[in-house]
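For reference, each letter of the sequence shown is one residue, going 17 to 482 in my numbering.
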Amino acid sequence: MALTEHEAAELTEQRFRRARPFQHLPKAKLARDQLPPGLRWPALLQSIGLLRFRHQFVPWLHRRYGDVFTVRLIPGGQALVLFTRPEHAREIFAGDPEIFQAGKGNAILGPIMGEHSLLLQDGGEHARARKLITPAFAGKVMKGYAELVTEIARDEVASWRPGEEFRSLDRMNRLTLEVILRVVFGVTDEQRLAGLRPCVNRTVEISPAVLLGWGWPRLQRFGPWKATVDNQRRLDRLMYAEIGERRDAPDLADRTDVLSRLILVRDGGDALSDVELRDQLVTLLLAGHETTATALSWALYELGRDPAQLARARQAADEGDDAWLEAVMKESMRLHPVIPMVVRQLMEPVTIGGVDLPAGATIGPSILIAHQRPDNHPEPERFRPERFLEVAEGDHRVGPPVNTWIPFGGGVRRCIGAGFSLMEGVVILREVLAAYDVTSLGRDVPKVRNITSVPRSGARIRVTSR
């Protein structure tokens, strides 16, 4: 039975109260001599540098302090220690998940994603949630998803017009949102889709300042913070309605979307609650929508700047060479990281790369630096998809060294939707390039939007018929 609007609203308010960011951070500020070197700037300025200007700020810190450095963040000058070498990433990803807790490191997302989110859970709770969700992304079900993605992508590309100029980020966001709503949610009712789309888009477009503002509940009565809270209430109301109706659907057992699969899952005989379903679905929605759209827009931008790379990708689309199109996606993610870092909060003192670190510190590999190190990726400033298909000399390994390409994180916390994201990117690139050539319009650079980075000008392109 579907929840009433009042019941849905109460669950939203409970989440806001229970999932406040910063509540798991240590109360006492860690002393400078306990940590690697870093700036003496006020925490507010360093937070602005990291959240607003990360693509300039983090490389500057790396040049100034070397491979390991500390950033102080609000509230209270909390310590974030960034590591930049692959051996550092390997140690962090292999760390005991009871000590290296990713859920607490992602707590800033709690009010939006909820305490049951795969990204917010740690220990046994995370292992349980991952076990329940993994079958929905198993290889045997990917084929059905790929067919649906192909259909959606073909319809989108068919709406384009030869000679049209547009922001590829906007078109890719529209396309990947449709994929998520239909593949993950299984929503086909146009009225429900029309209600969900703007709510999801407003959630994705949250600024870093609004994210930080969740830590001060009084802000939620004003300006952009109030607008964000109101939007969350609307989104939750629609999602709980969809969950309730789906539970009663007569064809539930025959449906293949992720929501239907999760409703049918049993954990020791118990079904997932509406709140658990809502939290996991929002996580999949937000983690799998904007990130893939951004990677696709950068891929089209880079292909549109290089006629030789465009010709090679077009050939791959014609010949069904999915390996090359996947390499294009991977190189797009390397050259233009969507997420800047992978974080863990330390519950006990540890030593990483010979550096002693205290309990309470938040640590993690810097994706920005790992993807730009020339010792990880020769000629790092060049767009070279072939680097992901090259065989290392004297080795059987294909592609860059392990832990040098980490857009999906690593270890037991590696993104559960990584395979789906790459499959989706390959299918969409194939459909675009089968119909059109692309030309980039001007130079583009990244800008920060919420925790992600996107093309500042939207990766503008012109499409022309082949």
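Even for Gly, the Cβ is constructed at its ideal location relative to N, Cα and C. Since this is a predicted model, take the numbers as computed values, not measurements.
Inset, instruction - Figure out for me which residue from Arg-478, Pro-58, Lys-463 and Ala-475 has the closest Cα to the Cα of Leu-67. - result: Checked all of Arg-478, Pro-58, Lys-463 and Ala-475; the closest Cα to Leu-67 is Lys-463.
Inset, instruction - Give a yes or no on whether the C-beta atoms belonging to Thr-192 and Ile-432 are separated by under 8 Å. - result: No.
Inset, instruction - Ignore the nearest five residues each way along the sequence and tell me which others in Phe-73's own chain have a CB closer than 7 Å to its CB. - result: Excluding positions up to five away in sequence, the list reads Gly-65 and Leu-66.
Legend entry - Separation of Thr-166 from Ile-444, as counted between CA atoms: One C-alpha to the other measures close to 7 Å.
Legend entry - Reduced DSSP category for Thr-367 - H, G, I as helix; E, B as strand; rest coil: Here Thr-367 sits in strand by DSSP.
Inset, instruction - Confirm, please, whether the CB-CB distance from Phe-182 to Arg-483 is below 8 Å. - result: Lying outside 17 to 482, the shown extent of the chain, residue 483 is not represented and no answer is given.
Inset, instruction - Using a threshold of 8 Å, state whether the C-beta atoms of Asn-189 and Glu-306 are closer than that. - result: Going by C-beta atoms, Asn-189 is nearer than 8 Å to Glu-306.
Inset, instruction - Determine the closest residue to Asp-49 out of Arg-79, Ala-343 and Ala-377, with distance taken between C-alpha atoms. - result: It is Ala-377 whose Cα lies nearest to the Cα of Asp-49.
Inset, instruction - Between the Cα of Val-199 and those of Ile-222, Asp-171, Leu-297 and Asp-186, spot the shortest distance and give me the residue it belongs to. - result: Out of Ile-222, Asp-171, Leu-297 and Asp-186, Leu-297 has the C-alpha closest to the C-alpha of Val-199.
Inset, instruction - Classify Ala-524 as buried or exposed, calling it buried when 16 or more other Cβ atoms lie within 10 Å of its own Cβ. - result: Since the first residue of the chain shown is 17 and the last is 482, residue 524 is not available in this structure.
Inset, instruction - State yes or no: is the C-beta of Asp-460 within less than 8 Å of the C-beta of Arg-482? - result: It is not a contact, given that the beta carbons lie outside the stated cut-off.
Legend entry - Which listed residue (Gly-426, Leu-457, Glu-292 and Gly-458) has its alpha carbon closest to that of Val-111: A quick correction: the sequence has Gly, not Val, at residue 111. Out of Gly-426, Leu-457, Glu-292 and Gly-458, Gly-426 has the C-alpha closest to the C-alpha of Gly-111.
Inset, instruction - Under 8 Å by Cβ, that's how I've got Val-87 and Leu-96 pegged, so tell me the actual separation to the nearest angstrom. - result: Between Leu-96 and Val-87 the Cβ distance is about 5 Å, and since that is below 8 Å, they are a contact.
Inset, instruction - Can you have a look at Lys-346 and say buried or exposed, based on whether 16 or more other CB atoms are within 10 angstroms of its CB? - result: Label assigned to Lys-346: buried.
Inset, instruction - Please confirm whether Gly-155 and Glu-114 have their CB atoms less than 8 Å apart. - result: Against a cut-off of 8 Å, the Cβ pair of Glu-114 and Gly-155 comes out as no contact.
Inset, instruction - Reducing DSSP to helix, strand and coil, say where Glu-181 ends up. - result: Three-state DSSP puts Glu-181 in a strand.
Inset, instruction - Taking only the alpha-carbon atoms, compute the straight-line gap between Gly-54 and Ile-385 and give it to the nearest angstrom. - result: Take the alpha-carbon of Gly-54 and the one of Ile-385: they are about 16 Å apart.
Legend entry - Inter-residue spacing [alpha-carbon to alpha-carbon] between Arg-12 and Arg-398: Here the chain covers residues 17 to 482 and nothing more, so residue 12 does not appear.
Legend entry - Residues bridged to Lys-463 [DSSP beta-bridge criterion]: Among the bridge pairs identified by DSSP, Lys-463 is matched with Val-470.
Inset, instruction - Can you give me the start and stop residues for the alpha helix (DSSP H) that Val-11 sits inside? - result: The requested residue 11 does not occur in the structure, where the chain is confined to residues 17 to 482.
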